[in-house]
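Each remark here refers to the structure printed beneath this line.
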């Protein structure tokens, strides 16, 4: 696909909307700019728009019944997050992401979430662990329904809930600074054949480690879970350089 008008279909998952606006610190969430950000951002994350695809400002304005001004503001916001490239004398496009950058992001995230898991074990109340168990059950249902997008956004909510339970604000800010690009990569990984089945099994082991209050095991499991996502991307041959890369 080469332009954004071919992607304006399908509902945006409510968890996805909330997560995009939270990361971007857009607390209102009701403006036309927010609507464009959510839809274009979700299309990129869920793979309906691929690296290198053009974003047609005129068609976006027509789709959302707006002038081009809110479209420009939305795309500039997504550019700041590394989702969009805006260059002189050409249309904005979905930004590429080289595999070397992907590896760096995953390694950082693996270390950070190992720390999150240790802090969850140390500070979580029984009710907090029960919240994670409920989310695990929702993940299992999404796998049973073979709904990758729903599984992905519940997975995101699971990770955000862990960080919230850990209560380390600095750690949460650092995780958020990885921004929306990690959401895109995580969706790529979980969309690969067999990945959500392996992921839900890994999450079950992680929840049991939390229930057993085993910090070392929880940290090892969560780090391994993150790095298996990277391994899946590497095995797929994904390059992130353009929509013709065979992803």
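In my numbering, the protein residues as written are 1037 to 1283. Glycine included, every Cβ here is placed at the ideal spot set by N, Cα and C. Every value quoted in this text rests on a predicted model; they were computed, and no experiment measured them.
So, is residue i buried or exposed, given that buried needs 16 or more other C-beta atoms within 10 angstroms?
i: residue 1185; result: buried
i: residue 1140; result: exposed
i: residue 1059; result: buried
i: residue 1079; result: buried
i: residue 1213; result: exposed
i: residue 1242; result: buried
For the alpha helix (DSSP H) containing residue i, list its first residue and its last residue.
i: residue 1097; result: 1093 to 1100
i: residue 1106; result: 1104 to 1116
i: residue 1133; result: Where residue 1133 is concerned, there is no enclosing alpha helix (DSSP H), given that its DSSP letter is neither H nor E.
i: residue 1197; result: 1184 to 1202
i: residue 1052; result: 1050 to 1059
i: residue 1255; result: 1251 to 1272
i: residue 1213; result: 1205 to 1213
i: residue 1241; result: 1231 to 1247
i: residue 1167; result: 1162 to 1180
To the nearest angstrom, report how far apart residue i and residue j are at their CA atoms.
i: residue 1253; j: residue 1263; result: 15 Å
i: residue 1073; j: residue 1120; result: 11 Å
i: residue 1154; j: residue 1251; result: 5 Å
i: residue 1081; j: residue 1188; result: 10 Å
i: residue 1211; j: residue 1145; result: 7 Å
i: residue 1246; j: residue 1261; result: 15 Å
i: residue 1085; j: residue 1228; result: 17 Å
Under 8 Å, do residue i and residue j count as touching if we go by C-beta distance?
i: residue 1192; j: residue 1274; result: no
i: residue 1118; j: residue 1110; result: no
i: residue 1159; j: residue 1232; result: no
i: residue 1151; j: residue 1128; result: no
i: residue 1194; j: residue 1226; result: no
Is it the case that the segment 1174 to 1181 contacts the segment 1228 to 1245, given that we only count it when at least three CB pairs across the two stretches are under 8 Å? yes
State whether the segment 1190 to 1208 contacts the segment 1070 to 1085, with contact taken as three or more CB pairs (one from each stretch) at a distance under 8 Å. no
Contact between the segment 1209 to 1229 and the segment 1052 to 1059: three or more CB pairs below 8 Å? yes
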